[in-house]
Amino acid sequence: MAQEVSAQRWKEHVLGELIPAPAPLWKLDGIQWLLTAGSLLNAIAFFSALPFASLYLDAVTDLSAVVIGGVVGGIALIASVGGMLGGLLIDRFGAVPLMLLGLVGYVLIYAGLAQASTTAAIVPLLLGLGAARLLVEPGGKKLMSLAADPDGRIFRVRYMVLCAGAIVGPAIGGVLYTTSITAFFAVPAVFYTAYLVFVVLFRARLTALETARATSAGRFPLREALRDRRLLAASGAGIVIFFVFSQLDSMIPLFMAREWGDRAAHLFAGLFIANAVLALVFQMPIAWLSDRVPRARLILAGCVGFALAFGCFWASASLGLPLLYLGIVLWTLGEGVLLPLPDIAVHELADDDRKGTYFGVAEIRYLGFFAGPSLGGVMLPTAGLYFTVMGLAVFACVPLLAGRLPRRSR
Numbered sequence: 028m029a030q031e032v033s034a035q036r037w038k039e040h041v042l043g044e045l046i047p048a049p050a051p052l053w054k055l056d057g058i059q060w061l062l063t064a065g066s067l068l069n070a071i072a073f074f075s076a077l078p079f080a081s082l083y084l085d086a087v088t089d090l091s092a093v094v095i096g097g098v099v100g101g102i103a104l105i106a107s108v109g110g111m112l113g114g115l116l117i118d119r120f121g122a123v124p125l126m127l128l129g130l131v132g133y134v135l136i137y138a139g140l141a142q143a144s145t146t147a148a149i150v151p152l153l154l155g156l157g158a159a160r161l162l163v164e165p166g167g168k169k170l171m172s173l174a175a176d177p178d179g180r181i182f183r184v185r186y187m188v189l190c191a192g193a194i195v196g197p198a199i200g201g202v203l204y205t206t207s208i209t210a211f212f213a214v215p216a217v218f219y220t221a222y223l224v225f226v227v228l229f230r231a232r233l234t235a236l237e238t239a240r241a242t243s244a245g246r247f248p249l250r251e252a253l254r255d256r257r258l259l260a261a262s263g264a265g266i267v268i269f270f271v272f273s274q275l276d277s278m279i280p281l282f283m284a285r286e287w288g289d290r291a292a293h294l295f296a297g298l299f300i301a302n303a304v305l306a307l308v309f310q311m312p313i314a315w316l317s318d319r320v321p322r323a324r325l326i327l328a329g330c331v332g333f334a335l336a337f338g339c340f341w342a343s344a345s346l347g348l349p350l351l352y353l354g355i356v357l358w359t360l361g362e363g364v365l366l367p368l369p370d371i372a373v374h375e376l377a378d379d380d381r382k383g384t385y386f387g388v389a390e391i392r393y394l395g396f397f398a399g400p401s402l403g404g405v406m407l408p409t410a411g412l413y414f415t416v417m418g419l420a421v422f423a424c425v426p427l428l429a430g431r432l433p434r435r436s437r
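With the first letter of the sequence shown counted as 1, position 190 gets the number 217 in the working numbering; the numbers rise by one all the way through.
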């Protein structure tokens, strides 16, 4: 009997080393939950106001639609290009001090927007949101990566938090936008203030996390990060994914308006809510699969989901609304698989003392949000061309994500 027990324990030990059981997605430690809570505050603040920026500019300024699009796109552009600088500063001076500076900037900008009434004041304040973002986002991601387990599942939890913010934030902002602009801009100011207080209260723990994981002193030159082909591949994959993903908020509503007229607004609202809810539901099984399916196959499956979704959206014009909702299910599957992967890739690539620089460089992916609506708008009048190109474009991320990344730590 003793020999059987010993043999069983030896078997469990060996199999445990070869095929360890993946930790549940929700099984995070204390510091990981702290960082996740901060991400939730950030997400609610972001989604409560920024999705309404175009409507606000159109209502209170004399700017043309082209200029309004440039201002809103410029927020992402500043955060994207400036993210490199933000990442370098974070590695040089620390994530916590730079995040505090960025959060103070957020609070002051939204407080200013609550009082601003002229175009000359509103436009610079909105563009200032991009500058604040380039300090907060790379710093938050660096701390998450330092606290993360080797599998990077905290970034899938972060994605779920963003989805929750995409549900709660617009619900708050939608109500306040029609009642009081002052209250509308006060809400994100309050949430960013809460995030600021949160970082101040736990500053010692967050700073200790960064200090304990540092592996070398000194600066990490940007030119060395830009020579890392794996980082460039992951960043390029992010651009491709965001280029395609941006179509849901930009060109798909215009296609629906052309096909369903006045019904389009209600239909799209239903799709948007369904997308956010399904993203939360699907992330658990996707995380389970990610520990059991080779990454290349998972990436390919995500691309197929996006491609089939574009096909369903196109066919819905002639075959009816059920295909529209089937499309959003397939879209959310593709989104749930692909959107967290660039952050997971950077987490795996970067040494602890250069994570700020790596995540800063990776912010270039937001160029996809800038380019996607622009090129999509050129192709949309020819629906066949638009849906075919978009359905195929997403597959460009497969070799970038699957071919140049290190093997997952087990």
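We put the CB at the ideal spot given by N, CA and C, even for glycine.
Helix, strand or coil, according to DSSP, for residue i in the structure here?
{"i": "residue 183", "result": "helix"}
{"i": "residue 145", "result": "coil"}
{"i": "residue 324", "result": "helix"}
{"i": "residue 102", "result": "helix"}
{"i": "residue 193", "result": "helix"}
{"i": "residue 377", "result": "coil"}
{"i": "residue 78", "result": "helix"}
{"i": "residue 175", "result": "coil"}
{"i": "residue 170", "result": "helix"}
{"i": "residue 360", "result": "helix"}
{"i": "residue 55", "result": "coil"}
{"i": "residue 120", "result": "helix"}
{"i": "residue 441", "result": "This structure cannot settle anything about residue 441, because the visible part of the chain is limited to 28 through 437."}
{"i": "residue 234", "result": "helix"}
{"i": "residue 220", "result": "helix"}
{"i": "residue 206", "result": "coil"}
{"i": "residue 257", "result": "helix"}
{"i": "residue 384", "result": "helix"}
{"i": "residue 229", "result": "coil"}
{"i": "residue 407", "result": "coil"}
{"i": "residue 165", "result": "helix"}
{"i": "residue 157", "result": "helix"}
{"i": "residue 62", "result": "helix"}
{"i": "residue 215", "result": "helix"}
{"i": "residue 399", "result": "helix"}
{"i": "residue 347", "result": "coil"}
Suppose you measure from the CA of residue i to the CA of residue j; what does that come to, to the nearest Å?
{"i": "residue 355", "j": "residue 298", "result": "7 Å"}
{"i": "residue 271", "j": "residue 403", "result": "9 Å"}
{"i": "residue 348", "j": "residue 226", "result": "46 Å"}
{"i": "residue 421", "j": "residue 256", "result": "20 Å"}
{"i": "residue 290", "j": "residue 280", "result": "11 Å"}
{"i": "residue 438", "j": "residue 176", "result": "This structure cannot settle anything about residue 438, because the visible part of the chain is limited to 28 through 437."}
{"i": "residue 184", "j": "residue 174", "result": "13 Å"}
{"i": "residue 370", "j": "residue 411", "result": "33 Å"}
{"i": "residue 149", "j": "residue 327", "result": "43 Å"}
{"i": "residue 218", "j": "residue 153", "result": "17 Å"}
{"i": "residue 214", "j": "residue 80", "result": "14 Å"}
{"i": "residue 138", "j": "residue 353", "result": "42 Å"}
{"i": "residue 399", "j": "residue 141", "result": "30 Å"}
{"i": "residue 314", "j": "residue 419", "result": "25 Å"}
{"i": "residue 269", "j": "residue 275", "result": "10 Å"}
{"i": "residue 120", "j": "residue 324", "result": "40 Å"}
{"i": "residue 74", "j": "residue 391", "result": "21 Å"}
{"i": "residue 91", "j": "residue 231", "result": "48 Å"}
{"i": "residue 244", "j": "residue 151", "result": "Annotation note: pLDDT 41 at residue 244 (below 50); position unreliable, coordinate value reported separately. If I take the Cα positions, the gap works out to 37 Å."}
{"i": "residue 329", "j": "residue 364", "result": "5 Å"}
{"i": "residue 126", "j": "residue 169", "result": "11 Å"}
{"i": "residue 322", "j": "residue 259", "result": "18 Å"}
{"i": "residue 253", "j": "residue 128", "result": "26 Å"}
Return the Cβ separation of residue i and residue j in integer angstroms, given the expectation that the two are a contact with Cβ distance under 8 Å.
{"i": "residue 88", "j": "residue 146", "result": "4 Å"}
{"i": "residue 76", "j": "residue 212", "result": "6 Å"}
{"i": "residue 161", "j": "residue 102", "result": "Going by Cβ atoms, the distance from residue 161 to residue 102 rounds to 11 Å, so no, they are not a contact pair."}
{"i": "residue 282", "j": "residue 359", "result": "Not confirmed; about 18 Å, so no contact."}
{"i": "residue 286", "j": "residue 344", "result": "5 Å"}
{"i": "residue 389", "j": "residue 261", "result": "7 Å"}
{"i": "residue 100", "j": "residue 397", "result": "5 Å"}
{"i": "residue 387", "j": "residue 113", "result": "5 Å"}
{"i": "residue 111", "j": "residue 307", "result": "Rounded, the Cβ-Cβ distance is 32 Å, inconsistent with contact."}
{"i": "residue 188", "j": "residue 384", "result": "So it is not a contact: roughly 24 Å between Cβ atoms."}
{"i": "residue 375", "j": "residue 179", "result": "7 Å"}
{"i": "residue 67", "j": "residue 191", "result": "7 Å"}
{"i": "residue 414", "j": "residue 340", "result": "7 Å"}
Against chain B, with Cβ distances strictly below 7 Å, would residue i count as a contact?
{"i": "residue 82", "result": "Absent from the structure is chain B; it holds one protein chain and no more."}
Tell me the start and end of each unbroken beta strand (DSSP E) in the region 268–345 that is at least 3 residues and wholly inside, in chain order. For the region 268–345, not a single whole beta strand (DSSP E) run of length 3 or above is found.
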